[in-house]
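Following: one structure in C-alpha coordinates, then a few remarks.
Here it is as C-alpha coordinates:
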(Lines of atoms letter the chains of each structure in order from A and count residues from 1; the text may use other names and numbers.)
(Lines give C-alpha, C1' and ligand atoms only; values in the text may rest on other atoms or scores of the structure.)
Protein backbone atom coordinates (compact mmCIF):
# COMPACT_ATOMS: atom_id res chain seq x y z
CA UNK A 1 0.00 0.00 0.00
CA UNK A 2 1.23 3.48 -0.87
CA UNK A 3 0.13 6.09 1.63
CA UNK A 4 0.60 9.67 2.72
CA UNK A 5 1.84 10.06 6.28
CA UNK A 6 0.37 13.05 8.13
CA UNK A 7 1.43 14.16 11.58
CA UNK A 8 -1.33 15.84 13.54
CA UNK A 9 0.65 17.82 16.08
CA UNK A 10 -2.40 19.16 17.88
CA UNK A 11 -3.50 15.57 18.62
CA UNK A 12 0.04 14.23 19.01
CA UNK A 13 -0.82 11.51 16.49
CA UNK A 14 0.36 10.25 13.09
CA UNK A 15 -2.18 9.16 10.48
CA UNK A 16 -1.46 7.08 7.36
CA UNK A 17 -3.81 7.90 4.48
CA UNK A 18 -3.90 5.27 1.70
CA UNK A 19 -3.43 6.58 -1.84
CA UNK A 20 -5.39 5.07 -4.70
CA UNK A 21 -4.80 5.95 -8.33
CA UNK A 22 -8.32 7.31 -8.81
CA UNK A 23 -7.98 9.69 -5.84
CA UNK A 24 -5.02 11.85 -6.93
CA UNK A 25 -5.68 15.44 -7.98
CA UNK A 26 -3.74 18.55 -8.92
CA UNK A 27 -4.56 22.14 -9.85
CA UNK A 28 -3.80 23.70 -13.21
CA UNK A 29 -1.05 26.31 -12.64
CA UNK A 30 -2.70 28.64 -15.19
CA UNK A 31 -6.39 28.71 -14.14
CA UNK A 32 -6.45 26.76 -10.86
CA UNK A 33 -9.07 24.22 -11.95
CA UNK A 34 -8.85 20.90 -10.10
CA UNK A 35 -8.14 17.92 -12.31
CA UNK A 36 -7.68 14.23 -11.66
CA UNK A 37 -4.18 12.84 -12.16
CA UNK A 38 -4.53 9.85 -14.48
CA UNK A 39 -2.22 6.94 -15.30
CA UNK A 40 -0.61 8.75 -18.24
CA UNK A 41 0.23 11.74 -16.06
CA UNK A 42 1.81 9.47 -13.44
CA UNK A 43 3.82 7.67 -16.12
CA UNK A 44 5.14 10.96 -17.44
CA UNK A 45 6.33 11.93 -13.95
CA UNK A 46 8.06 8.59 -13.45
CA UNK A 47 9.63 8.13 -16.89
CA UNK A 48 10.75 11.74 -17.29
CA UNK A 49 12.49 11.84 -13.93
CA UNK A 50 10.09 14.26 -12.27
CA UNK A 51 8.78 14.24 -8.75
CA UNK A 52 5.32 14.62 -7.25
CA UNK A 53 6.12 17.74 -5.24
CA UNK A 54 7.26 19.94 -8.11
CA UNK A 55 5.18 18.65 -11.01
CA UNK A 56 2.24 20.60 -12.44
CA UNK A 57 -0.13 19.70 -15.24
CA UNK A 58 -1.82 22.32 -17.39
CA UNK A 59 -5.50 21.51 -18.00
CA UNK A 60 -6.74 20.78 -21.54
CA UNK A 61 -8.45 24.19 -21.89
CA UNK A 62 -5.33 26.13 -20.92
CA UNK A 63 -3.22 23.89 -23.14
CA UNK A 64 -5.41 24.87 -26.11
CA UNK A 65 -5.34 28.57 -25.16
CA UNK A 66 -1.61 28.86 -24.51
CA UNK A 67 -0.05 26.39 -26.92
CA UNK A 68 -2.37 26.23 -29.91
CA UNK A 69 -3.07 29.89 -30.61
CA UNK A 70 -4.55 30.56 -34.02
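Residue numbers (UniProt numbering): 1 to 70.
Backbone N, C-alpha and C fix where the C-beta goes; we use that ideal spot for every residue, glycine too.
_Nearest candidate by alpha-carbon position, reference residue 60, set 21, 4 and 33_ = If we check each option's Cα against that of residue 60, 33 comes out closest.
*Quickly, what does DSSP pair residue 26 with across the bridge? List them, please.*
35
*Quick one: what does DSSP say residue 46 is sitting in, helix, strand or coil?*
helix
*asked:* Which of the three DSSP states is assigned to residue 55 in this structure?
replied: coil
*Is the stretch 48-65 close to the stretch 18-33, with three or more CB pairs under 8 Å?*
Taking 8 Å as the limit for Cβ pairs, the verdict is that the stretch 18-33 does touch the stretch 48-65.
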